[in-house]
Amino acid sequence: MATKPDIVTLEALDAFDALIDARSPSEYAEDHLPGAVSCPVLDDDQRRLVGTLYKQRGPFEARRIGGVWVARNIARHVEAWMQDKPAHWRPLVYCWRGGQRSGSFVLWLRQIGWAAAQLQGGYKAYRRWVVQQLAELPPRLAWRVLAGPTGSGKTRLLHALAAAGAQVLDLEGLARHRGSILGAWPDGQPQPSQKAFDTALVAALRRLDPARPVWVEAESRKIGLVQLPEALHQALQQAPRVQLQVPFEARLALVLQDYAWLGRDPQALARRLQALRGLQPGEVLQRWQVWARQGRLPELFADLMTRHYDPLYQRHLRADDARATMLVLPGLDEATLAQAAAQLLAGGLARVGS
């Protein structure tokens, strides 16, 4: 059965000039289609009140009250940023499942004269497509995994590979987390929701060329609060690995650079270390918290690496990591990492700077 001209499927996204998210601000904040502009026809409070009215007094009362808010909000959006849109402007509107919120918005816009359309199935259809893409895309790509203990420069080598023209996927950048207990992003930057992470990941995967290798860091199933899709996790487990070997002093220096921001709030750092309770003896944890409060980061991170992160990494090494390519780096300066990236892309092995 043919789709109405004002109702389109996901395949038609590129045919429109703008993408309008008619859902509430909290729904938009959790996740939205890439590039979509938030124009809620009901804000969070209004949506909640309409839902309560629907349950308590029936659909007529809910629509009678909600319709006023919808009309007022749509008028405000039109006045705020659509006044300069030409007659040939084509917006596509979506809500949760392609229902009344986006339908009302499209009706208004078409009455004005714009060839607006409604996304069939709304965000719910888009989310199904994202989940499908996360299952289908990872096995098609030729992965190359950078492995190594904390501070071995995996992220910096990944960026050096990108600078040298390689395809890379920065999972920690997408997740806004370094994947460890102390791995939160600086200055309280929150992680994306799981759905927003999935959306960003699909966008990144679709940009990659299956005919070329894709470099990525070794990651566990979870990066902070977000989780890798099963297909990607399995693909990385089976991919060829490059094991980085870096002197401890160079690793510690890098960790002190990357985590220096934690020293700005010694009390908060001490509280973060509380997450290791049960994983380390009480006296060790107490010593680390004292060092954190005193700002003794070199001693703290050296001991954390020796007693916690390195043993943890060794326990999780894959059984076949003995067959991984070993890349020995004398340091983690920019020149060494650039040389390492060039060597990896050329197929070189073993040692950099020898």
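Residue numbers (full-length UniProt numbering): 1 to 354. Beta carbons are placed, not taken as given, at the ideal position from N, Cα and C, and that holds for glycine. The structure presented is a predicted model; accordingly, all values stated were derived computationally and were not measured.
So, for residue i: in the same chain, excluding its five sequence neighbours on each side, which residues have a beta-carbon less than 6 angstroms away from its beta-carbon?
{"i": "glutamate 136", "result": "none"}
{"i": "glycine 183", "result": "His177"}
{"i": "serine 354", "result": "Low confidence applies to serine 354: its pLDDT is 47, below 50, so where it sits in the model is not reliable enough to give any reading."}
{"i": "glycine 35", "result": "Leu19"}
{"i": "threonine 9", "result": "Gln120"}
Measuring CA to CA, which of the options is closest to residue i?
{"i": "glycine 121", "options": "Arg212, Ala338, Val93", "result": "Val93"}
{"i": "glycine 51", "options": "Gly67, Trp129, Glu299", "result": "Gly67"}
{"i": "lysine 124", "options": "Ser104, Phe105, Gly99, Arg144", "result": "Gly99"}
{"i": "valine 214", "options": "Leu256, Ser220, Ala162, Ser180", "result": "Ala162"}
{"i": "glutamine 189", "options": "Arg144, Ala175, Ser180, Pro266", "result": "Ala175"}
{"i": "alanine 22", "options": "Ala292, Ala250, Leu42", "result": "Leu42"}
{"i": "arginine 48", "options": "Ser38, Tyr309, Ile65", "result": "Ile65"}
{"i": "glycine 347", "options": "Arg241, Arg307, Phe301, Val290", "result": "Arg241"}
Leaving out five residues on either side along the sequence, give the residues of the same chain with a beta carbon under 7 angstroms from the beta carbon of residue i.
{"i": "alanine 87", "result": "Gly113"}
{"i": "tryptophan 108", "result": "Ile74"}
{"i": "residue 376", "result": "Look at the range of the chain in this structure, 1 to 354, and you will see that residue 376 is not part of it."}
To the nearest whole angstrom, what separates the beta carbons of residue i and residue j, a pair I think is in contact under 8 angstroms?
{"i": "glycine 153", "j": "leucine 244", "result": "7 angstroms"}
{"i": "leucine 254", "j": "glycine 151", "result": "5 angstroms"}
{"i": "lysine 208", "j": "leucine 141", "result": "For the sequence presented, residue 208 should be read as leucine rather than lysine. About 6 angstroms; that satisfies the 8 angstroms criterion."}
{"i": "leucine 256", "j": "leucine 297", "result": "6 angstroms"}
On the DSSP letters alone, give me the boundaries of the beta strand (DSSP E) that residue i sits inside.
{"i": "tyrosine 94", "result": "91–94"}
{"i": "aspartate 21", "result": "18–21"}
{"i": "valine 216", "result": "213–217"}
{"i": "threonine 306", "result": "No beta strand (DSSP E) holds threonine 306; DSSP gives it neither H nor E."}
Which first and last residues belong to the alpha helix (DSSP H) in which residue i is found?
{"i": "tryptophan 185", "result": "That residue, tryptophan 185, is in no alpha helix (DSSP H); it is neither H nor E in DSSP."}
{"i": "threonine 155", "result": "154–163"}
With a CB to CB cut of under 8 angstroms and the five nearest residues on each side skipped, what residues in its chain are close to residue i?
{"i": "residue 395", "result": "Residue coverage of the chain in this structure runs from 1 to 354, which leaves residue 395 outside it and unanswerable."}
{"i": "arginine 110", "result": "Asp6, Ala116"}
{"i": "glutamate 299", "result": "Trp291"}
{"i": "aspartate 44", "result": "Ser24, Pro25, Ser26"}
{"i": "glycine 165", "result": "Leu345"}
Problem - alpha helix (DSSP H) segments (min. 4 residues) lying fully within the region 223–304 - result: 230–238, 248–258, 266–273, 282–294, 297–304
Practice task
Enumerate, from N- to C-terminal direction, the unbroken beta strand (DSSP E) stretches of 3 or more residues contained entirely within the region 106–150.
Solution key: Entirely contained in the region 106–150, the beta strand (DSSP E) runs reaching 3 residues are, in chain order, 117–119, 142–147.
Exercise for the section: Tell me the start and end of each unbroken alpha helix (DSSP H) in the region 37–85 that is at least 4 residues and wholly inside, in chain order. Expected result: 44–57, 59–81
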